[in-house]
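J.:
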Amino acid sequence: MEQKETKTIMNQVYNAIFSDIIHNEFDFDEYLTEKALMEKYNVSRAPVREALMQLRSDHFIVCIPRHGYRIRRPDQQELRDIVNFRAVLECSFLEQYYYSITPEHIQSLREICRQYADKQDKNFINYWKLNRDFHAKLFSCYGNDFALHTLLESMDRQVIYFVEIMKNYYLAADLHFAMLDYIEKGDIKTAMTLLRADIEKIPTNDALQRVKQNHPINAEVPTYSLC
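The opening position of the sequence shown corresponds to residue 1 in UniProt numbering, with each subsequent residue numbered one higher.
1. Going by DSSP, name the residue or residues bridged to I71.
2. Whose CA, out of S57, M53 and N11, lies closest to the CA of R157?
3. With a threshold of 16 other CB atoms inside 10 Å of the CB of D206, please say whether the residue is buried or exposed.
4. Cα-Cα, which of F60, S108 and N84 is closest to N15?
5. Which partner residues does L32 have in the DSSP bridge list?
6. Residue 239 to L130, Cα distance in whole Å?
7. Look at the alpha carbon of E39 and the alpha carbon of I17, and state the distance between them as a whole number of angstroms.
8. Assess contact between the segment 62 to 80 and the segment 142 to 150, defined as three or more Cβ pairs (one per stretch) separated by less than 8 Å. Is contact present?
9. What are the start and end residues of each continuous alpha helix (DSSP H) run of 4 or more residues lying completely inside the segment 130 to 191, in chain order?
10. Using 10 angstroms around the beta-carbon of K7, count the other beta-carbons present and answer buried if the total reaches 16, otherwise exposed.
11. Relative to the C-alpha of W128, which candidate in I9, N11, S19 and Q12 has its C-alpha closest?
12. Taking the alpha helix (DSSP H) that V88 belongs to, which residues open and close that run?
13. I'd like to know whether the C-beta atoms of I9 and F124 end up nearer to each other than 9 Å.
14. What did DSSP end up calling residue 229 once you bin it into helix, strand or coil?
Right, here's the structure in full:
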């Protein structure tokens, strides 16, 4: 029971830190230390340490020896590589395995679209989760767990970039709804075009330029390594 409670607290701390990262509560040059986070969230050291280790594993933060952690800096080439990888992966699987998508799958996907379209709170995390859920649900139809895991890992590394463009409110539900319509009609070529447009919607240069304006990158960059 105690172990379960500790895990629950760790998840709460993880979500709190993640939310603060997404909402720009921390600066890219700010050191995140266990002591400061313990005081900020009023919790003990163990869940903070575990949450930081998980955030590092999820590529959201990096360890700076003898200092603490910092938010991982966005990288233009990495974003471009992820977007290109996702476009090839998701579109090729749709082209080859579209027949695996059942009416029940379509119904579940439409429900995610409706939740996305109905969101009024402009909460970036909620939008991201729904967008992630849509792509994960669609890809899960193909029955390849290894490829699905790779896709989700790639999407998770996009989250900071996604938040930057969500500040201009990009309504992905429109493309998602249209994509499902064409899949139902059997027009997979058009569905693939819409899927690629959805994946590549991130204006790489614009999003990264806003990040750099909000958080200027110093000339001196510390060496990252394991803590």
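Just so it is clear, CB atoms sit at the ideal spot from N, CA and C, and this is done for glycine as well. Being a predicted model, the structure only gives us computed values, none of them experimental.
T.: Looking at the coordinates:
1. I61
2. S57
3. Because D206 sits at a pLDDT of 42, beneath the cut-off of 50, its placement in the model cannot be relied upon, and the following sentence gives the value as read from the coordinates. Per the 10 Å Cβ criterion, exposed.
4. F60
5. Y69
6. In the structure displayed, the chain extends from 1 to 227; residue 239 sits before or after that span and is not available.
7. 13 Å
8. no
9. 145 to 156, 159 to 166 and 172 to 185
10. exposed
11. S19
12. Q76 to Y97
13. no
14. No information on residue 229 is available, as it lies outside the stretch 1 to 227 that the chain covers here.
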